[in-house]
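Below you'll find the structure, written out as structure tokens, and then a few comments.
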Ligand SMILES: Nc1ncnc2c1ncn2[C@@H]1O[C@H](COP(=O)(O)OP(=O)(O)OP(=O)(O)O)[C@@H](O)[C@H]1O
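Numbering (UniProt numbering), first residue to last: 1 to 499.
See the structure below:
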């Protein structure tokens, strides 16, 4: 028997019912009788309805909930509660409290919650629970803006679904189409994809379609819906069923999300547990105002001052990311880069080294600003100020995740004042200055200048090598290219060495 109580979308949740259900392993029947219907969250009677109407024209329904104590209270089935417990998720986060019961009732959802607040679990758990109750291949599609985020979400689905045998597939660019086609032929339960590559498969891979899809998730929805992906998303929406459930999640909300809400959502519930552009409370945000030509010296100074921490440093271009990584490596820091001009293998390699703490500094473009969850990041440095203020929120959200504390420092030069003011306006806060000692910074300039010269040389050599051979093995972020470091090192560069 499948656990679906056919109820109207505005029904108040019914009391829990125990019943026999398909569970534990997708497609196998369990008769333990321990499972709670997906339409029967235990705390249902405590839901207070803020707005009575929920018509698409009138905007999404907003709900306010009294806080339940456990995932079980939200209506999550025992087997998934156990997995949450094993993952160390003792209590649900606010967005999970708001979104999971609504999702289990079969509602479309717009989820807005600050960075690092557990949005992935908020959409993955209801999908897995429904999959358990109504097993089906090619059940859910999650769209993400970046490849690394797709891998991360897939890991989370696999972790949460480990005890029920869920199979997920990552379909992103930069990876062999044929291998992906073979994976798709096995019909995984959940596909996590970047829009462009998914379209490639929908158009070119024989036998692959999403005509039976039950769930569409857009993670980082506002980014997915901006101009870069608009055409792809429209194409995808045309080839998936209209009677699917749709979830949009992000830490920042734009008018474009509302635009899509009109186009693709049905009777959505808005689960907003933060204001539109909110940064995390436990994040200490700072800025430094410095002349543009001393940026590198100030960076080295700060890395020394905060030695022992783990850093994510954001640059505006691939070239500057690469250059700064080379510069820092020439000065003995364990820095590694992640940007769009690297092969996918190298990108994942960099991220894994940083995650494994074998590198303490990750330099990245905005390809790493959204969604990436590396819990040990202590400090985010905006070496180049973000040109889109919203990116600031996502970048600094790479630290202070899941209740931890963290620090961010934004470099503001004479050219960045207006952008900085826009950021302060967006987040509704005046940021304090990060204290620096100018004399100490100036003492670094000579060595930094030498390292800059070497980094430029290496960058040129890398460019020439790339031209000579398109062989990926020789391209991008070759850490071996730091032989020049020896030329620079000479004496003891740093007061203290970053880990
Ligand atoms: N209920 C929970 N209890 C404890 N930890 C949790 C819980 N839910 C999620 N987490 C952890 O919190 C971290 C952040 O979760 P997640 O990546 O889903 O955040 P997010 O809201 O999607 O962030 P972003 O906006 O940056 O994408 C992850 O490491 C995840 O394992």
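Glycine included, C-beta positions come from ideal geometry on N, C-alpha and C.
task = Please find out if some non-hydrogen atom of ligand 1 comes closer than 7 Å to the beta-carbon of residue 397.
result = Under cutoff, so the answer is yes.
task = Would you mind sorting residue 342 into buried or exposed? The rule is 16 or more other CB atoms within 10 Å of its CB.
result = buried
key: Simplified DSSP assignment, three categories, for residue 359   = coil
query = For residue 364, which of 219, 76, 401 and 323 has the nearest alpha-carbon?
reply = 323
ask   = At which residues does the alpha helix (DSSP H) containing residue 310 begin and terminate?
value = Per DSSP, residue 310 lies in no alpha helix (DSSP H) segment and is marked neither H nor E.
ask   = Within this structure, are the beta carbons of residue 139 and residue 238 separated by less than 8 Å?
value = No. Outside cutoff.
message = Using the Cβ count rule (16 or more neighbours within 10 Å means buried), how would you classify residue 129?
response = With a threshold of 16 other beta carbon atoms within 10 Å, residue 129 meets it and is buried.
ask   = What are the residues that DSSP puts in a beta bridge with residue 337?
value = 363
Per DSSP, cross-strand counterpart(s) of residue 228 = DSSP, once it has assigned bridges, lists no residue as partnering residue 228.
Simplified DSSP assignment, three categories, for residue 125 = helix
query = Based on the DSSP output, what are the partners of residue 457 in its beta bridges?
reply = DSSP lists no partner for residue 457.
message = Mapping the DSSP letters down to three states, classify residue 392 as helix, strand or coil.
response = DSSP places residue 392 within a helical segment (H, G or I) once states are collapsed to three.
inquiry  = Please give the ranges of any alpha helix (DSSP H) in the segment 70–105, keeping only runs that are unbroken, at least 4 residues long and fully inside the region.
reply    = 78–86 and 94–104
inquiry  = For residue 419, which residues in the same chain have their Cβ closer than 6 Å to its Cβ, ignoring the five residues on either side in sequence?
reply    = Taken in chain order, the residues that qualify are 385.
task = Please state if the CB of residue 246 and the CB of residue 264 are separated by a distance shorter than 8 Å.
result = yes
query = What separation, rounded to the nearest whole angstrom, lies between the Cα atoms of residue 369 and residue 302?
reply = In a straight line, the C-alpha of residue 369 is about 21 Å away from that of residue 302.
key: For residue 145 and residue 167, believed in contact at Cβ under 8 Å, the rounded distance   = Going by Cβ atoms, the distance from residue 167 to residue 145 rounds to 23 Å, so no, they are not a contact pair.
ask   = So is residue 376 buried or exposed if we call it buried at 16+ other beta carbons inside 10 Å?
value = exposed
inquiry  = For residue 296 and residue 452, which I take to be in contact (beta-carbon distance under 8 Å), what is that distance rounded to the nearest angstrom?
reply    = Contact holds; Cβ gap of about 6 Å.
ask   = Since residue 271 and residue 111 are thought to touch, with beta carbons under 8 Å apart, how far apart are those beta carbons, to the nearest angstrom?
value = 5 Å
request  = Would you list the one or two residues that DSSP bridges to residue 271?
outcome  = In the DSSP assignment, residue 271 forms a beta bridge with 111.
Close beta carbons around residue 205, own chain, < 7 Å, minus the five adjacent residues each side = 181 and 184
Cα-Cα separation, residue 441 to residue 328 = Spanning the two alpha carbons is a distance of roughly 15 Å.
request  = Identify, in the order they occur along the chain, each residue of the same chain with its Cβ nearer than 6 Å to the Cβ of residue 298, setting aside the five sequence neighbours on each side.
outcome  = 290 and 441
query = Helix or strand or just coil, what does DSSP make of residue 441?
reply = helix
message = Please classify residue 28 as buried or exposed, where buried requires at least 16 neighbouring CB atoms within 10 angstroms.
response = Bear in mind that the predicted position of residue 28 carries a pLDDT of just 42, short of 50, making it unreliable; the figure below should be weighed with that in mind. Burial call: exposed.
task = Kindly indicate which three-state DSSP category residue 504 falls into: helix, strand or coil?
result = The structure shown has nothing for residue 504, since the chain only spans 1 to 499.
query = In angstroms, rounded to a whole number, what distance separates the CA positions of residue 280 and residue 309?
reply = In a straight line, the C-alpha of residue 280 is about 19 Å away from that of residue 309.
inquiry  = Does the beta-carbon of residue 375, which I'm using as the reference point, lie nearer than 7 Å to any heavy atom of ligand 1?
reply    = Yes, Cβ of residue 375 sits closer than 7 Å to a heavy atom of ligand 1.
ask   = What first and last residue would you give for the beta strand (DSSP E) that runs through residue 379?
value = 379–382
inquiry  = With a threshold of 6 Å on Cβ separation, who are the neighbours of residue 313 within its own chain once the five nearest residues in sequence on each side are excluded?
reply    = 363, 381 and 383
task = Please name the residue in 84, 350 and 462 whose C-alpha comes closest to that of residue 163.
result = 84
ask   = Going by beta carbon distance, what residues of the same chain come within less than 6 Å of residue 149, once the five residues before and after it are set aside?
value = 371
key: Contact between the segment 121–137 and the segment 88–101 (3+ Cβ pairs under 8 Å)   = yes
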